[in-house]
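Take 182 as the starting number for the sequence shown in the working numbering and just add one per residue. Built from N, CA and C at the ideal position, the CB exists for glycine as well. Here the structure comes first, spelled out in structure tokens, and everything after it is commentary.
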Amino acid sequence: MAVERIKQLKDHLTGASGSGLRALEKKNPDDVVITMAIRTPMCKAKKGGLKDMRSDELLTAMFRAVVAKSNVNPAIIQDIHVGTVLTPGPTYEARTAALTAGIPQTTPVQVVNRFCSSGLMAVTGIANQIRGGQIEIGLAVGMESMSANPDHGAHKMSDEIMSHPIAKDCAMPMGWTSENVAQDFNISREDMDAFAAISFQRAEHAQKQGYFQSEIVPIEAPKISQDGTRTTTLISQDDGIRPGTTAANLARIRSAFPQWGKGQTTGGNASQVTDGAAAVLLMTRRKAEELGLKILAKYVTASVVGLEPRIMGIGPVYAIPVALKQAGIEVSDVDLFEINEAFASMLVYCVRKLGLDHSKVNVNGGAIALELERRKGKVLVTSMCCGTGMGAAAVFVRE
182 MAVERIKQLK DHLTGASGSG LRALEKKNPD DVVITMAIRT PMCKAKKGGL
232 KDMRSDELLT AMFRAVVAKS NVNPAIIQDI HVGTVLTPGP TYEARTAALT
282 AGIPQTTPVQ VVNRFCSSGL MAVTGIANQI RGGQIEIGLA VGMESMSANP
332 DHGAHKMSDE IMSHPIAKDC AMPMGWTSEN VAQDFNISRE DMDAFAAISF
382 QRAEHAQKQG YFQSEIVPIE APKISQDGTR TTTLISQDDG IRPGTTAANL
432 ARIRSAFPQW GKGQTTGGNA SQVTDGAAAV LLMTRRKAEE LGLKILAKYV
482 TASVVGLEPR IMGIGPVYAI PVALKQAGIE VSDVDLFEIN EAFASMLVYC
532 VRKLGLDHSK VNVNGGAIAL ELERRKGKVL VTSMCCGTGM GAAAVFVRE
């Protein structure tokens, strides 16, 4: 009995037992599970439905949705991690938004920033606290308002940093890294546009079928007219999807970065700048059962890696194998992959290099976590590249 308990403890601390898919499907009281996963619509920055909403207003709306949708008394949430990159004074905004939304002052808040993986790092941080016995229940939130807080790139660096052959590349624009990936790994403009078109088509189909509605929380967003009049409108759908997109249409879009490489990256085969937020409630399986909550999935493990900043987009190529190894599974065990589509160049390379079946990758053009339920699949891997040359990945198992 003691030996078995030690083995269970080792499994929880390492994130996986190493004995393959069957081990991941085992259920233990100490499992870290997800009981709520919701998001706002994802809208085009400066142009979309959330463009007039301040970042603190967006966070407050997200926290209010958590209070309404979580089926728990917010007083039992023991910690909150908020992933955000561009928000000025982020801890002030996160803490005050939580309080304003009705989360009690006894629940602390922490802000996490690892660029594009900040939301996942919030999930991982809460999961690790639960796994380590510090808390039983916690909330992970990701939020970015690129309308309110646009990305102005790196601030001015010291002469020493800017003379370092690797460090100086961290300050370069993301578009430059996309062109480097395309050039270094022989990714053509045709390849990039083809992958981008498939993503738009999948997202359009998913939206028309209503696949996203079960995860989207409609937001009452302010709308400010040219004369300063403020009204509100209900935003309930992603507004960045381009209906009728084809590779031929995308081929006509001019280069966004003609000054670098072959100038293959465009506004059509790169991610939009976005406003939006998401939240995930995590707890032990024991706590979820005690509260009578439906368990959506189990968090298994996560990985973070570093790589050359000049080709930061290929981070998933390194992060995914590490996460799979930690989970004790292979690529063939995974039912669905979600890899961020910062630039089509990096997605094309990641899919090819890892030998992934494209029919399993970003099947709804992104936002595919709940697709696992529709398909009755088991294992989901999510991954993303991160600015300055990093990658992250995580493994989840559907209940």
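Per DSSP, cross-strand counterpart(s) of residue i
i	result
tyrosine 480	Val213 and Phe577
glycine 509	Note: glycine 509 sits in no beta bridge, so no partner.
histidine 262	Gln291 and Ala321
serine 417	According to DSSP, which records beta bridges pairwise, serine 417 is partnered with nothing at all.
phenylalanine 524	Ala451
valine 542	Phe518
arginine 584	In the structure displayed, the chain extends from 182 to 580; residue 584 sits before or after that span and is not available.
methionine 343	BP columns for methionine 343 are empty, so no partner.
glycine 572	Val486 and Cys566
threonine 412	Lys404
Whether residue i touches residue j by CB criterion (7 angstroms)
i	j	result
valine 290	alanine 303	no
isoleucine 215	alanine 478	yes
cysteine 351	threonine 569	yes
serine 452	glutamate 522	yes
lysine 590	methionine 355	No answer is possible for residue 590: it lies beyond the span of the chain, which begins at 182 and ends at 580.
alanine 508	valine 576	yes
alanine 384	isoleucine 416	no
lysine 227	serine 326	no
cysteine 567	serine 298	yes
asparagine 309	serine 236	no
isoleucine 139	glutamine 259	Within the shown structure, residues of the chain are numbered from 182 to 580, placing residue 139 beyond reach of any answer.
isoleucine 476	glutamate 580	yes
methionine 324	threonine 265	yes
aspartate 516	glycine 558	yes
glycine 473	methionine 571	no
proline 285	alanine 256	yes
phenylalanine 376	alanine 525	yes
arginine 614	proline 210	There is simply no residue 614 to check, as the chain begins at 182 and stops at 580 in what is shown.
Cα-Cα separation between residue i and residue j, rounded to whole angstroms
i	j	result
glycine 496	valine 529	13 angstroms
valine 263	histidine 333	21 angstroms
valine 498	isoleucine 405	43 angstroms
threonine 482	arginine 411	45 angstroms
serine 380	threonine 287	43 angstroms
glutamine 418	tyrosine 392	11 angstroms
alanine 378	leucine 239	30 angstroms
glutamate 471	methionine 527	44 angstroms
threonine 446	valine 454	15 angstroms
glutamate 206	threonine 465	15 angstroms
valine 322	alanine 460	4 angstroms
isoleucine 501	glycine 300	17 angstroms
isoleucine 219	leucine 463	12 angstroms
alanine 504	threonine 413	43 angstroms
valine 512	tyrosine 273	41 angstroms
glycine 449	methionine 353	21 angstroms
lysine 534	serine 484	18 angstroms
glycine 176	glycine 444	The chain is shown only over 182 to 580; residue 176 falls outside these bounds and no answer can be derived.
arginine 556	histidine 539	16 angstroms
arginine 276	threonine 268	13 angstroms
proline 271	alanine 335	17 angstroms
aspartate 365	aspartate 233	40 angstroms
Cβ-Cβ separation, residue j to residue i (assumed contact under 8 angstroms), whole Å
i	j	result
methionine 493	threonine 358	5 angstroms
isoleucine 307	leucine 320	7 angstroms
aspartate 420	proline 222	7 angstroms
glutamate 552	valine 544	6 angstroms
alanine 402	leucine 231	5 angstroms
alanine 204	phenylalanine 244	Actually they are not in contact, since the Cβ atoms of alanine 204 and phenylalanine 244 sit about 36 angstroms apart, beyond 8 angstroms.
glutamate 585	glycine 442	Absent from the structure is residue 585, since the part of the chain shown begins at 182 and ends at 580.
valine 247	tyrosine 480	Actually they are not in contact, since the Cβ atoms of valine 247 and tyrosine 480 sit about 18 angstroms apart, beyond 8 angstroms.
alanine 432	aspartate 372	The Cβ separation is near 12 angstroms, so there is no contact.
isoleucine 347	proline 490	7 angstroms
Coarse secondary structure for residue i, derived from DSSP in three states
i	result
lysine 404	strand
serine 564	strand
lysine 534	helix
methionine 464	strand
methionine 353	coil
arginine 370	helix
glutamate 227	First, the residue type needs correcting, since residue 227 is lysine and not glutamate in the sequence shown. In the structure shown, lysine 227 sits in coil (DSSP, three-state: anything other than H, G, I, E or B).
arginine 433	coil
methionine 493	helix
arginine 423	coil
arginine 383	helix
arginine 235	coil
serine 326	strand
leucine 267	coil
Any non-hydrogen atom of the ligand SAH closer than 6 angstroms to residue i Cβ
i	result
valine 532	Absent from the structure shown: the ligand SAH. Ligands present: none.
Interface flag, residue i vs chain B, CB-CB below 7 angstroms
i	result
glycine 536	Of the protein chains in the structure, only one exists, and it is not chain B.
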